[in-house]
Amino acid sequence: MSDIHMVQHEVFALVLKALSDHIRVKFQSIQASPMDTHHLAMFIFLLALLTYATAVVVEVMLRASESIYHTHVGNIRLFAGGSAAVLLLSVLDPVLGWIISLIWVCLFVMIAYESFQELFEILCQIIDEGRHMLSRLSGRCLEEEEPNQPQV
1 MSDIHMVQHE
11 VFALVLKALS
21 DHIRVKFQSI
31 QASPMDTHHL
41 AMFIFLLALL
51 TYATAVVVEV
61 MLRASESIYH
71 THVGNIRLFA
81 GGSAAVLLLS
91 VLDPVLGWII
101 SLIWVCLFVM
111 IAYESFQELF
121 EILCQIIDEG
131 RHMLSRLSGR
141 CLEEEEPNQP
151 QV
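Read in order, the letters of the sequence shown correspond to residues 1 to 152 in UniProt numbering.
Here it is in structure tokens:
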């Protein structure tokens with residue numbers, strides 16, 4: 001794994017650790033846990049964390065096989081990790097969490113649009129190659145059938 005990815009993982013771990021420590025301090029004097037008071041945010045946080053972990057594994061596998069799709073999985077990983085951090089922040093401070101969530105959604109839309117454009121170009125290339133192969137195959141079939149035709 002490259003140095004930039006290691007730094008990203010370390011920053012992600014540091015941010016989550018700091019936020020979870022702050023949540024622990026905030027909720028130590030309260031009888032209810034964050035899972036009780038912010039159950040939807042915590043459930044989505046766990047999903048984002050699971051998505052992050054899965055994307056890390058898939059990204060490493062795609063990099064090892066030198067696939068071009070590792071950048072898309074890397075984008076998913078970054079979005080899931082950031083979403084997990086934003087969700088923990090929303091448990092600490094709901095207003096700040098909503099503001100940063102809106103910024104995060106705008107960033108996600110930009111990344112998704114760029115990824116969609118790239119995937120669309122790949123799909124167009126695949127379709128063009130398929131058409132080219134079919135035209136070559138149909139040309140060969142026509143050439144083979146012509147000599148068998150009776151002459152008039």
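Positions of the beta carbon are idealized from the N, C-alpha and C atoms, including for glycine.
Of the residues the options, the one placed nearest residue i, counting alpha carbons only
i	options	result
HIS5	TYR52, ILE23, CYS106	TYR52
VAL58	ILE76, MET42, LEU46	ILE76
LEU102	ARG24, THR37, ALA13, LEU87	LEU87
ALA84	MET110, TRP104, VAL60	TRP104
PHE45	LEU16, PHE27, HIS72, GLN28	LEU16
ASP21	THR71, ASP3, VAL91, TRP98	VAL91
Residue burial classification, residue i (beta-carbon count within 10 angstroms, cutoff 16)
i	result
ALA32	exposed
PHE120	exposed
ALA64	exposed
Residue i at chain B interface by Cβ criterion, 9 Å
i	result
VAL15	Among the chains in the structure shown there is no chain B, since it carries only a single protein chain.
**Report entry** Continuous alpha helix (DSSP H) assignments of at least 4 residues falling wholly in the region 5-81
**Finding:** Whole alpha helix (DSSP H) segments, 4+ residues: 34-37, 39-64.
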